[in-house]
Structure formats: structure tokens, C-alpha cells
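*Asks:* Sharing a structure, written as C-alpha cells. Questions coming.
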DNA sequence: GTACGCATGTAAACGGTTACATGATTTG
DNA sequence: CAAATCATGTAACCGTTTACATGCGTAC
């Protein structure tokens with residue numbers, strides 16, 4: 027198996043992991059943002075194929091600021107939030123990162139599939155129950171996707187930011203169908 | 027977001043995570059096994075939707091043995107390996123775990139998709155390169171899947187252990203097609 | 001018999017998750 | 001103005017990954 031290409035280094039000793047890229051990218055798209063802005067934005071978009079807990083979105087910007095990739099502006103009074111913006115170095119780092127395509131593809135890490143793999147220890151009823159539940163979870167996920175699509179309007183459907191959603195839909199449909207088939211006709 | 031249902035507790039203070047289940051399940055399927063057996067078995071099957079590093083397969087059996095879910099038999103001379111077998115408690119724990127279907131569905135955690143999401147910072151060439159590379163990675167993954175299928179013979183295709191592979195194939199095909207489309211016709 | 005690779009194992013370091021904690025704003 | 005909820009943040013914990021380390025089998 028190959029080394030993890032999802033992690034790049036920049037300058038002297040700075041790890042750039044998924045969270046770093048999310049933060050740089052989000053600020054790039056949205057302009058100057060507070061951690062809470064990032065949290066909200068991520069929840070509305072990226073989180074449907076990759077949910078990041080909010081705690082990461084508070085720590086990471088500070089790290090990137092110390093490395094000179096973000097600038098920070100503090101608000102006085104009220105919530106006293108910190109607003110981060112891309113520096114020139116930050117933008118450079120972002121586009122450079124985007125120039126290196128990853129060497130690997132996704133891994134499912136799916137508990138339900140693991141259970142199915144060990145399905146020989148399950149009764150037919152248990153297997154069907156598992157399959158129906160999964161299929162329904164995918165159905166509600168698909169509803170969520172649909173509402174995101176309409177919220178963004180069909181017109182801008184073909185944008186790059188929306189492409190991951192279209193992939194998510196196809197995969198969720200495939201999973202829904204798969205589990206439906208298992209539920210209808212459990213393998214021996 | 028709901029609590030992580032992939033982790034169950036049994037008895038007093040024993041975490042049952044994905045690795046525990048893999049170990050219990052694999053030993054259930056194969057009979058008494060050494061950690062190396064588990065490693066090899068996992069590589070040939072489960073690893074294509076969930077790769078576990080071998081170091082986990084050495085530590086975990088010992089934990090489970092201490093908890094009484096596995097029995098251990100040491101080999102003298104030669105490699106002096108440790109062979110673990112399911113105890114009655116272990117088998118019970120396994121089937122009990124399998125009776126609780128997970129509450130959540132898979133998350134992609136896919137770097138390439140994250141890059142696509144931030145594709146506004148990429149040139150059309152970079153985007154196409156990313157897409158072609160991903161599509162090819164999925165193609166070779168599909169070849170691997172195909173060889174697994176023939177290795178197991180078409181006859182036992184419809185078994186439960188093989189079902190995850192069929193899902194993997196569908197998903198990989200969906201991803202391959204998706205990236206092919208992006209490569210052929212990059213969104214603006 | 002020696003060199004190479006396979007098999008086996010351990011543990012430090014890293015990153016992510018969980019849980020807690022608290023001040024700010026809104027609502028009734 | 002009290003209560004509830006939103007917004008913000010911190011840090012310990014826990015599992016995974018990475019890296020190292022070394023003994024055994026085998027091929028030449």
C-alpha cells in the first residue's frame with residue numbers, strides 16, 4: 027500500500043491535512059471567515075461526504091495563522107470573534123495543494139457492510155432488518171441531498187462545488203438499491 | 027448527529043470497536059487463527075472496503091483474550107505463534123453485536139472529492155488530470171475486484187461474504203463513470 | 001552458510017472525537 | 001429578567017498510524 031498522499035508538507039515543518047485544506051479552501055471561497063462561519067458552511071456542504079466536528083475548525087485556523095497562511099483580525103466587544111483571511115502565502119499553498127492529485131480512492135469503513143460480511147452468523151430476519159434499516163437511512167439521506175439541490179437552484183447545478191453532491195447522490199442511490207435487494211432476497 | 031453506534035460495550039468495561047468485530051468475525055469464519063492468519067485473510071477480503079493495518083491485528087486479539095472472548099494457545103518452537111480461538115462468550119458477543127444494526131451510513135472522506143469541491147482554484151487542465159487519474163485508479167481497483175471474483179469462482183457468488191464485494195464493484199463503477207464524465211467535460 | 005524476504009511483534013506520536021465549560025444573544 | 005439556546009472555545013482521552021525492531025524460513 028502506498029504512503030498517505032493526502033498529507034503534504036509546506037515550508038519547514040507544517041502538516042497540511044484534510045482539515046487544513048478545508049479551512050484554506052473554505053476561506054478562499056467565502057472570503058474572511060470566523061470559525062463559526064466555517065462550521066456553518068461546512069455543515070451545509072462538505073459535511074455530507076465528510077463531516078468535520080466543529081472543534082477542529084477552531085483549532086486549525088490558529089495553526090495556519092501561526093504558519094503565515096492566514097491573517098487574523100480580532101473583533102472587540104460582543105462575541106469577540108476572530109476572523110481569518112487568506113494571505114498570499116495561504117492562497118499559494120491552496121492552489122499548490124490542488125495541483126497534486128491524490129493517489130488513492132475512498133475506503134468505505136462501513137459498519138453495516140462489515141456486518142453483512144459476517145452475515146453467516148445472522149438469521150435471515152436479522153439480515154433483512156439490517157438491510158431495510160440501511161436502505162431507509164439512504165432514502166432519508168437522499169431527501170437531504172434533494173433539498174440541498176433545490177436550495178441551490180437547478181440553474182447552477184453544473185458548477186464544480188456542486189459536483190460532489192451529484193456523486194453523493196449516485197453513491198447513495200447505489201447503496202439504497204443494494205440494500206433493498208438484500209432485504210427483498212437475502213442471500214443464503 | 028447521533029452517537030457512534032459502531033461501538034458497543036459488553037460486560038463491565040470492554041469497548042467493542044471495528045477491529046474487535048473484525049477479529050471476532052474472522053476467527054468465527056476461519057476457526058482458530060494466528061494474527062498473521064487474520065492479516066492475510068483481511069487483506070484478501072475486507073481490506074478492499076476497509077483496510078486494517080496489521081499492527082492492530084496483533085494487539086486486539088490479546089485484549090479480547092484478556093476479556094475472555096478468545097482463548098489462546100501458544101506454539102512452541104519455530105515461530106512460536108499465538109493461536110486464538112473463539113470462546114463461547116466470544117461467539118455470543120459476536121452474534122449479539124450482529125443483532126444491532128448501525129444507525130449511520132458511510133462517509134466518503136475522499137481527498138479527490140474535496141479537491142473537486144474546491145475546483146474553482148484549479149485550471150481546467152488540472153481538473154481533467156485529477157479526474158483522469160481517479161478514473162484510472164478506479165479502473166484498476168475494478169480489475170482487482172474482478173480477479174477476486176474469479177478466484178472465488180462464480181458459483182458461490184451469491185453468498186453473504188461475497189455481497190460486500192458486489193457493492194464495492196457498483197460503487198467503484200459509479201465513481202469511475204463520474205470521474206470519466208468530469209474528465210471529458212469539466213464543469214466551468 | 002549467508003542473504004533476502006517473510007512473519008511477528010511493540011510502542012511512540014499523531015490526529016480526531018468526545019466532553020465539558022462558559023459567555024452572548026434571543027425569546028417569552 | 002429568566003430561561004433557553006446559540007456561539008465559542010479548550011483539553012483530555014482514545015484509537016490509528018507509523019516506524020522501528022528482530023527472529024525465522026528458505027533459496028541459492
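Chains as they are written, first to last, in my numbering: chain G, 27 to 214; chain Z, 27 to 214.
Beta carbons: idealized from backbone N, C-alpha and C, even for Gly.
#1: Tell me which residues of the stretch 142–167 of chain G have at least one Cβ-Cβ distance to chain Z shorter than 8 Å, keeping chain order.
#2: So residue 127 of chain G packs on residue 159 of chain Z, CB below 8 Å; how close in whole Å?
#3: Taking the alpha-carbon positions, what's the residue 123 of chain Z to residue 136 of chain G distance?
#4: Rounded to the nearest angstrom, what separates residue 49 of chain Z and residue 166 of chain Z at their Cα positions?
#5: Which same chain residues end up closer than 6 Å to residue 97 of chain Z when comparing Cβ atoms and leaving out the 5 residues on each side of it in sequence?
#6: How is residue 169 of chain G classed by DSSP in three states: helix, strand or coil?
#7: Please report how far the alpha carbon of residue 150 of chain G lies from the alpha carbon of residue 156 of chain G, in whole angstroms.
#8: For the beta strand (DSSP E) containing residue 100 of chain G, list its first residue and its last residue.
#9: If contacts are defined as beta-carbon pairs under 8 Å, then residue 204 of chain Z and residue 193 of chain G qualify, I think. What distance do you get, rounded to the angstrom?
#10: Express the C-alpha separation of residue 56 of chain Z and residue 207 of chain G in angstroms, rounding to a whole number.
#11: Excluding sequence positions up to five away, which residues of its chain have a Cβ less than 6 Å from the Cβ of residue 213 of chain Z?
#12: Taking buried to mean at least 16 other C-beta atoms within 10 Å of its own C-beta, is residue 197 of chain G buried or exposed?
#13: Indicate whether residue 90 of chain G and residue 154 of chain G have their beta-carbon atoms separated by less than 8 Å.
#14: Sort Z/94, Z/100, Z/54 by Cα distance to residue 115 of chain Z and report the nearest one.
#15: Ends of the beta strand (DSSP E) at residue 110 of chain Z?
#16: Tell me, which residues are paired with residue 55 of chain G by DSSP?
#17: Pull up the distance between the alpha-carbon of residue 43 of chain G and that of residue 101 of chain Z, whole angstroms please.
#18: Are any of the Cβ atoms in chain Z nearer than 8 Å to that of residue 88 of chain G?
#19: Note down, in chain order, each residue of its chain lying with its Cβ closer than 8 Å to the Cβ of residue 209 of chain Z, except the 5 sequence neighbours on either side.
#20: Ignore the nearest five residues each way along the sequence and tell me which others in residue 195 of chain G's own chain have a CB closer than 6 Å to its CB.
#21: Taking the alpha-carbon positions, what's the residue 187 of chain Z to residue 163 of chain G distance?
#22: For chain G, find out if any of its Cβ atoms is closer than 8 Å to the Cβ of residue 58 of chain Z; answer yes or no.
#23: Would you say residue 206 of chain Z lies against chain G (beta-carbon separation less than 8 Å)?
#24: Please identify, using Cβ separations under 7 Å, the residues of the stretch 96–120 of chain G that lie next to chain Z, in order along the chain.
#25: Using a cut-off of 7 Å between C-beta atoms, extract the partners of residue 132 of chain G located in chain Z.
#26: State the start and end residues of the unbroken alpha helix (DSSP H) segment that holds residue 209 of chain G.
#27: What separation, rounded to the nearest whole angstrom, lies between the Cα atoms of residue 84 of chain Z and residue 185 of chain Z?
#28: Quick one: Cα of residue 131 of chain G to Cα of residue 106 of chain G, how far?
#29: Looking at chain G, which residues of the stretch 59–77 of chain Z have a Cβ within less than 8 Å of any of its Cβ atoms?
#30: Could you work out which residues of chain Z lie near residue 196 of chain G, taking near to mean beta carbons separated by less than 7 Å?
#31: Roughly how many angstroms separate the alpha carbons of residue 66 of chain Z and residue 88 of chain Z, rounded to a whole number?
*Replies:* Well, looking at it:
#1: 142, 143, 144, 145, 146, 147, 148, 152, 153, 155, 156, 159, 160, 163, 164, 167
#2: Along the first chain, one-based indexing puts residue 127 of chain G at 101. Along the second chain, one-based indexing puts residue 159 of chain Z at 133. Contact holds; Cβ gap of about 5 Å.
#3: What you label residue 123 of chain Z is simply residue 97 of the second chain in a count that begins at 1. What you label residue 136 of chain G is simply residue 110 of the first chain in a count that begins at 1. Straight-line Cα distance between these residues: approximately 15 Å.
#4: Taking the second chain and counting its residues from 1, the one referred to as residue 49 of chain Z is at position 23. Taking the second chain and counting its residues from 1, the one referred to as residue 166 of chain Z is at position 140. Rounded to the nearest angstrom, the two C-alpha atoms are 28 Å apart.
#5: To locate residue 97 of chain Z, count along the second chain from 1; it is residue 71. Excluding positions up to five away in sequence, the list reads 111, 113.
#6: On the first chain, position 143 is the one that residue 169 of chain G refers to. Correct three-state label for residue 169 of chain G: helix.
#7: In the first chain, residue 150 of chain G corresponds to position 124, counting from 1. In the first chain, residue 156 of chain G corresponds to position 130, counting from 1. Spanning the two alpha carbons is a distance of roughly 10 Å.
#8: By 1-based counting over the first chain, the position of residue 100 of chain G is 74. Element bounds for residue 100 of chain G: 96–100.
#9: Position 178 of the second chain, counted from the start, is the residue given in the question as residue 204 of chain Z. Position 167 of the first chain, counted from the start, is the residue given in the question as residue 193 of chain G. Sure, about 5 Å apart at Cβ, within 8 Å.
#10: Within the first chain, the letter at position 181 stands for residue 207 of chain G. Within the second chain, the letter at position 30 stands for residue 56 of chain Z. Between residue 207 of chain G and residue 56 of chain Z, the C-alpha separation is close to 27 Å.
#11: Position 187 of the second chain holds residue 213 of chain Z. Here the set comprises nothing.
#12: In the first chain, residue 197 of chain G corresponds to position 171, counting from 1. Under this definition residue 197 of chain G is a buried residue.
#13: Taking the first chain and counting its residues from 1, the one referred to as residue 90 of chain G is at position 64. Taking the first chain and counting its residues from 1, the one referred to as residue 154 of chain G is at position 128. Cβ distance not < 8 Å, so residue 90 of chain G and residue 154 of chain G don't count as in contact.
#14: For this step, residue 115 of chain Z is matched to residue 89 along the second chain. Ranking Z/94, Z/100, Z/54 by Cα distance to residue 115 of chain Z puts Z/94 first.
#15: What you label residue 110 of chain Z is simply residue 84 of the second chain in a count that begins at 1. 108–112 is the span of the beta strand (DSSP E), which, as asked, contains residue 110 of chain Z.
#16: Numbered from its first residue, the first chain carries residue 55 of chain G at position 29. Answer by DSSP bridge pairing: none, since residue 55 of chain G is not bridged.
#17: For the purposes of this step, residue 43 of chain G is taken as residue 17 along the first chain, with counting starting at 1. For the purposes of this step, residue 101 of chain Z is taken as residue 75 along the second chain, with counting starting at 1. Taking the straight line joining both Cα atoms gives about 43 Å.
#18: Residue 88 of chain G sits at position 62 when you count from the first residue of the first chain. Not one chain Z Cβ lies under 8 Å of residue 88 of chain G.
#19: Counted from its first residue, the second chain places residue 209 of chain Z at position 183. Here the set comprises 154, 157, 158, 161.
#20: Here residue 195 of chain G is taken as the residue at index 169 of the first chain, counted from 1. Counting only Cβ-Cβ distances below 6 Å, and skipping sequence neighbours, we find 171.
#21: For the purposes of this step, residue 187 of chain Z is identified with residue 161 of the second chain, where counting begins at 1. For the purposes of this step, residue 163 of chain G is identified with residue 137 of the first chain, where counting begins at 1. Rounded to the nearest angstrom, the two C-alpha atoms are 22 Å apart.
#22: On the second chain, position 32 is the one that residue 58 of chain Z refers to. So no, residue 58 of chain Z is outside the interface.
#23: If you number the second chain from 1, residue 206 of chain Z lands on position 180. No, its Cβ sits nowhere closer than 8 Å to a Cβ of chain G.
#24: 120
#25: What you label residue 132 of chain G is simply residue 106 of the first chain in a count that begins at 1. By Cβ distance, chain Z contributes 134, 135, 136.
#26: Start at 1 with the first residue of the first chain, and residue 209 of chain G comes out as number 183. Where residue 209 of chain G is concerned, the enclosing alpha helix (DSSP H) stretches over 189–210.
#27: Counting from 1 along the second chain, the entry for residue 84 of chain Z is found at position 58. Counting from 1 along the second chain, the entry for residue 185 of chain Z is found at position 159. Their Cα atoms are separated by approximately 29 Å.
#28: For this step, residue 131 of chain G is matched to residue 105 along the first chain. For this step, residue 106 of chain G is matched to residue 80 along the first chain. Going from the Cα of residue 131 of chain G to the Cα of residue 106 of chain G covers about 41 Å.
#29: 71, 72, 75, 76, 77
#30: To locate residue 196 of chain G, count along the first chain from 1; it is residue 170. By Cβ distance, chain Z contributes 200, 204.
#31: Position 40 of the second chain, counting from 1, holds the residue named residue 66 of chain Z. Position 62 of the second chain, counting from 1, holds the residue named residue 88 of chain Z. Each residue's alpha carbon lies about 18 Å from the other.
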